[in-house]
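J.: In the numbering used here, the protein residues as written are 282 to 1041. Even glycine gets a Cβ: it sits at the ideal position worked out from N, Cα and C. Before I ask anything, here is the structure I am working with.
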Amino acid sequence: MDINALLSPSESPAKPQASTQSNPAATARPRAQPRPAGGRRTASGLSNEISMTSPPPEPPRSAPVPGQDSVNHYQRNAYVSAYNGAQDMRNFRSNHDASDVRASHATPQAYRPQLQYVSGRHSSTPQMETLADLASMQHHQLQRQHSLVDSQLPSINRRTSFAPPLTRSALSSTQVAMAEAPAQTPEPRAITAASLTEQEIQTITELVKYLAENSYAYDSHVQLINLFHKGFVAHVYGTSNVPINDPRDYTLLSDMRQAREAMDSRFAVGEDIWKDWINDEAILARQSEERVAVMDLCQKAVQEEPTSVTLWSIYGEWVMQTYSIANGFTEGDPNIWTDIDKEICKEVFSRDICLSVWERAIEATAWRMDESHRIWDRYIDLVLQEFPGNPSPQAIEHINNIFMRRLRTPHANWSETSAKFWPIVSKFNANNWEEIMAATNEMAAPAKQQFALRESHEQNLQRAAESGDKIALYNAFAEYLVWDRKNKRRSPFDFELRCSLYERALLRFPTVIEWWLDLADFVLKTNSHSPIILTILERATRHCPWSGDLWSRRVLRAEVDKLPYDEVEQVKHKATNSGLLDIGGMEEVLKVYASWCGYLRRRAFAPDNTDDEIDMADMGITGTLEDASVAGKKTYGSDYKGDPLFRLEKIHVKFLLEARRYQDARMVFERLRTTHSASADFWLFWYHIEIMVWAHERMSEPVRIETPETAPHSATSVLREALQQRNLDWPEKILEVWPDHFSQHESPEALQEAQADART
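Put into structure tokens, the structure is as follows:
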């Protein structure tokens, strides 16, 4: 049954929209393969040998995003296109093209809500800068209009300077470190605040002092910010002991702001802190530039937590409220709303901008089965407010398509959405009402079925969240994720629903490293070329900067995506400047260093390499080895003997072998022997390298004859020296290789002696 034909008014002169077959976004898409349940990741030898410090995991802390076309026709590359659109952040529309943008969603078959991922974070978004320019221009126009002096007027400035952005290639390592230096935490001092108890003030004093020396203590940042916020709320709204006060008179206002900036420069602050931060700044906003700054803050929040229904809702309500007051639809406080402010905000917070925010919100949260209706219901109410009493055929088709897209997407509020749609159908398509209802239910069946399959898990999550028990909520998410991976009843929505579920879990428990890795792995196995993988890892390292696993995966993915050398190097610098050593310990640092050195080695011997790349790799690997030694001694003192797995040295040896610098490679082993002589793995690695070098030299000889002089004597010497070690940790491994080596490579005389030695 053709639902489009039923929904389109018969008198419509408009030509039918292009079919699904002509739209590349609607062609057949391969199904995502289910991810097998993997084993637990284990720590390396270093973490077993040395007691490492690690961030305390909080009992575990949403992402965007599909619907149904003809159930079997979808593309994974639509997911990538959504990423690119979100990355460019081009959703703000000018008034003259608003109708065209809305019309682009006119064909329900071609629609599929997309997962929204944004790459990187910016001090000010392009939209905010553009709006700031508009406001600044409007500001100066009003200045002439009202003949006011400059000092009396608010000014809207860009939050970034006009200076060209810093690039890695133009900066020294010291300059890069300074450019990326995190914001300072509040200075230790005597603190007073009437809205906080003496105990709370004492706690703040201790936290400030502690963070001055341990600036990457995650939990301390959160506790300090929450205490500052608690005092602010009590100051503004009053308590039984505190009167209501002007928000700007809060004595700890600058400290609260500084504490938030300090945490934001080190970690992703998370949904709860973003919510309080935006609400506090909204209360404090008095001038146009401050209101634009709040919108900028909202944009940063949803960029960092792209599937947070709460943050998108705050964003949408803020722009709507400002728009309403600026245009006189709602009464604003005359003490803080001047005529100039209203004129500026009328230009910046246009109706089209407001709808644009809500449209971006419904795209980003479409696959939040649990709460996406909070965004969509608000948006559709705004759309219906504008809907004319005597609409054109195009307007009817547009509103029909909005509902059809929503009804084909699994969500908890499906019945309520359907109830809002039927009055529109009965009013404008009364003759086809029953056929439309039947066709709609048929098209929506897969979405309803998927929600029904997940409903019990959704109820478990809801009960756990309402109870306030974080452990129960974490367990509910963990069980839900395990079920989703093992679920054999595949559907067209599997990819988006699982991504969304991971994002929901990570929104509540953002420091669970394993879930970030699982999400990245799932997307990788679905589409190994997806650019979204790097974006996920970027967000993961913001939330868990102490994880060497995440940083090393990010370095590797930057290499896979063929990012320029400067950008890959910048990722490595960010990792080592993020408190990785202070929080994660030496084991996590070594993971990043190993990933970086592996990148340098592969780049040096790439097909299009030059001598410059080889020299850079040589210096880079050598420098990294020195950095690792310094970091290890800084952490564990002069007794630090290096990585027991000698991961960096293995990469260095491989580099030297590829460069045909065999003696230099042997010198690496000579240096390691002083600290790793008790390791059987060390001696076996050295032995295999010597065999490899010997085999290469033998294969290069024009005449191949076997004599005692052609035997791999260097390899034999390594095995002999290994067996001479009195404190060898695993001599049996050497003894296993010993007879086989002589049997394969040495003379019969040497073999019989080796057999006799093996028995002693």
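Where does Ala1037 land, buried or exposed, given buried means 16+ other C-beta within 10 angstroms?
T.: Position 756 of the sequence shown, counting from 1, holds the residue named residue 1037. Exposed.
J.: For Arg687, collect the residues of the same chain with a Cβ closer than 7 Å to its Cβ; drop the 5 residues on either side in sequence, then sort them by chain order.
T.: In the sequence shown, counting from the first residue as 1, residue 687 sits at position 406. Trp657 and Thr698.
J.: Can you grab the Cα-Cα spacing for the pair Glu506 / Ile752, in whole Å?
T.: The residue labelled residue 506 in the question sits at position 225 within the sequence shown. The residue labelled residue 752 in the question sits at position 471 within the sequence shown. According to the sequence displayed, residue 506 carries Ile and not Glu. Spanning the two alpha carbons is a distance of roughly 23 Å.
J.: Check whether the segment 644-663 touches the segment 591-599, counting contact only when three or more Cβ pairs, one atom from each stretch, lie closer than 8 Å.
T.: Yes: at least three Cβ pairs fall under 8 Å.
J.: Which stretch, first to last residue, makes up the alpha helix (DSSP H) that contains Ala753?
T.: On the sequence shown, residue 753 is found 472 positions in, with the first residue counted as 1. Lys751 to Lys767 is the extent of the alpha helix (DSSP H) around Ala753.
J.: Do Val590 and Glu652 have their CB atoms nearer than 8 Å?
T.: Along the sequence shown, one-based indexing puts residue 590 at 309. Along the sequence shown, one-based indexing puts residue 652 at 371. Contact: yes.
J.: Leaving aside the five residues before and after Phe709 along the sequence, list all residues of the same chain whose C-beta is less than 6 Å from its C-beta, in chain order.
T.: Here the question's residue 709 lines up with position 428 in the sequence shown. Result list for Phe709: Ile677, in chain order.
J.: Is the beta carbon of Ala839 sitting closer than 8 Å to the one on Leu871?
T.: Counting from 1 along the sequence shown, the entry for residue 839 is found at position 558. Counting from 1 along the sequence shown, the entry for residue 871 is found at position 590. In this structure, Leu871 does not lie closer than 8 Å to Ala839 by Cβ.
J.: Fully enclosed by the segment 777-815, which alpha helix (DSSP H) runs are 4 residues long or longer?
T.: You should have 794-807.
J.: Taking the alpha-carbon positions, what's the Val600 to Asp561 distance?
T.: What you label residue 600 is simply residue 319 of the sequence shown in a count that begins at 1. What you label residue 561 is simply residue 280 of the sequence shown in a count that begins at 1. Distance between the alpha carbons of Val600 and Asp561: 16 Å.
J.: Pop quiz: Leu636 and Leu663 are said to be a contact at Cβ under 8 Å. What is the actual Cβ separation, rounded to whole angstroms?
T.: In the sequence shown, counting from the first residue as 1, residue 636 sits at position 355. In the sequence shown, counting from the first residue as 1, residue 663 sits at position 382. The Cβ separation is near 6 Å, so the contact holds.
J.: Taking 8 Å as the cut-off, decide whether the C-beta atoms of Pro993 and Glu971 are in contact.
T.: On the sequence shown, position 712 is the one that residue 993 refers to. On the sequence shown, position 690 is the one that residue 971 refers to. The answer is yes: Cβ separation under 8 Å.
J.: Whose C-beta lies closer than 6 Å to the C-beta of Trp558 among residues of the same chain, with five residues either side of it excluded?
T.: The sequence position of residue 558 within the sequence shown is 277, counting from 1. Closer than 6 Å at the Cβ level, and outside the excluded window around Trp558, lie Arg541.
J.: Buried or exposed for Val550, going by 16 or more other Cβ atoms inside 10 Å?
T.: For the purposes of this step, residue 550 is taken as residue 269 along the sequence shown, with counting starting at 1. Classification for Val550: buried.
J.: With a cut-off of 8 Å on the beta carbons, I'd call Glu869 and Ser828 a contact; round off their distance for me.
T.: Residue 869 sits at position 588 when you count from the first residue of the sequence shown. Residue 828 sits at position 547 when you count from the first residue of the sequence shown. Rounded, the Cβ-Cβ distance is 6 Å, consistent with contact.
J.: So what does DSSP say about Ala959, is it helix, strand or coil?
T.: Sequence index remark: in the sequence shown, residue 959 carries index 678 (1-based). Coil.
J.: Determine contact between the segment 764-784 and the segment 802-822, defined as no fewer than three beta-carbon pairs at a distance below 8 Å.
T.: Segments in contact, yes.
J.: With DSSP collapsed to three states, give me the class of Thr619.
T.: In the sequence shown, the residue the question calls residue 619 occupies position 338. Coil, per DSSP.
J.: Can you round the beta-carbon distance between Ala1117 and Leu1009 to whole angstroms, since I take them to be within the 8 Å contact cut?
T.: The question about residue 1117 has no answer, for the chain in this structure spans 282 to 1041.
J.: What runs of the alpha helix (DSSP H), each 4 residues or longer, lie entirely inside the segment 595-681?
T.: Qualifying alpha helix (DSSP H) stretches, in chain order: 620-629, 632-645 and 653-667.
J.: Given that a residue counts as buried once 16 or more other Cβ atoms are within 10 Å of its Cβ, and exposed if not, what is Asp924?
T.: What you label residue 924 is simply residue 643 of the sequence shown in a count that begins at 1. Asp924 should be labelled buried.
J.: How close, in whole Å, do the beta carbons of Thr690 and Ala745 come, if the pair is a contact with beta carbons under 8 Å?
T.: Against the sequence shown, residue 690 aligns to sequence position 409. Against the sequence shown, residue 745 aligns to sequence position 464. Not really, about 24 Å apart at Cβ, beyond 8 Å.
J.: Provide the residue span of the alpha helix (DSSP H) that contains Asp830, from first to last.
T.: Position 549 of the sequence shown, counted from the first residue, corresponds to residue 830. Here the alpha helix (DSSP H) through Asp830 covers Gly829 to Val841.
J.: Does the pairing of the segment 871-883 with the segment 810-825 give three or more beta-carbon distances under 8 Å?
T.: In short, these stretches do not touch, since the Cβ pair count stays below three.
J.: Straight-line CA distance for Lys935 to Val849?
T.: Along the sequence shown, one-based indexing puts residue 935 at 654. Along the sequence shown, one-based indexing puts residue 849 at 568. Approximately 21 Å, taken between the alpha carbons.
J.: What is the rounded straight-line gap between the Cα of Pro727 and the Cα of Ser696?
T.: For the purposes of this step, residue 727 is taken as residue 446 along the sequence shown, with counting starting at 1. For the purposes of this step, residue 696 is taken as residue 415 along the sequence shown, with counting starting at 1. Going by the C-alpha atoms only, they are around 15 Å apart.
J.: Please determine, among Val489, Ala464 and Leu508, the residue with the shortest C-alpha to C-alpha distance to Glu481.
T.: Within the sequence shown, the letter at position 200 stands for residue 481. Measuring from the Cα of Glu481, the nearest candidate turns out to be Leu508.
J.: According to DSSP, simplified to helix, strand and coil, what is Pro1029?
T.: Position 748 of the sequence shown, counting from 1, holds the residue named residue 1029. Residue state, collapsed to three classes: helix.
J.: From Ile525, Asp536 and Lys490, pick the residue whose C-alpha is nearest to that of His510; which is it?
T.: Along the sequence shown, read from residue 1 onward, the residue named residue 510 stands at position 229. Nearest C-alpha to His510: Asp536.
J.: Between Ile705 and Ile680, which are expected to be in contact by the criterion C-beta below 8 Å, what is the C-beta distance as a whole number of angstroms?
T.: The count along the sequence shown starts at 1 and reaches residue 705 at position 424. The count along the sequence shown starts at 1 and reaches residue 680 at position 399. So it is a contact: roughly 6 Å between Cβ atoms.
J.: Just how far apart, CA to CA, sit Glu1034 and Arg835?
T.: Residue 1034 sits at position 753 when you count from the first residue of the sequence shown. Residue 835 sits at position 554 when you count from the first residue of the sequence shown. Going by the C-alpha atoms only, they are around 52 Å apart.
J.: To the nearest angstrom, how far is the alpha carbon of Pro672 from that of Ala543?
T.: Along the sequence shown, read from residue 1 onward, the residue named residue 672 stands at position 391. Along the sequence shown, read from residue 1 onward, the residue named residue 543 stands at position 262. Each residue's Cα considered, the two are about 52 Å apart.
J.: Indicate whether the contact test is met: 3 or more Cβ pairs, each with one atom in the segment 892-911 and one in the segment 859-866, closer than 8 Å.
T.: With the cut-off at 8 Å, the segment 892-911 and the segment 859-866 do not touch.
J.: Which first and last residues belong to the alpha helix (DSSP H) in which Asn269 is found?
T.: As displayed, the chain neither begins before 282 nor continues past 1041, which places residue 269 out of reach and without an answer.
J.: Kindly indicate which three-state DSSP category Ala912 falls into: helix, strand or coil?
T.: Here residue 912 corresponds to residue number 631 of the sequence shown, with the count starting at 1. Here Ala912 sits in helix by DSSP.
J.: Return the chain-ordered list of same chain residues with a C-beta closer than 8 Å to the C-beta of Thr916, the five sequence neighbours on each side being excluded.
T.: As a first step, residue 916 is located in the sequence shown; it is residue number 635 there, counting from the start. Cβ within range, chain order: Leu862, Gly866 and Met867.
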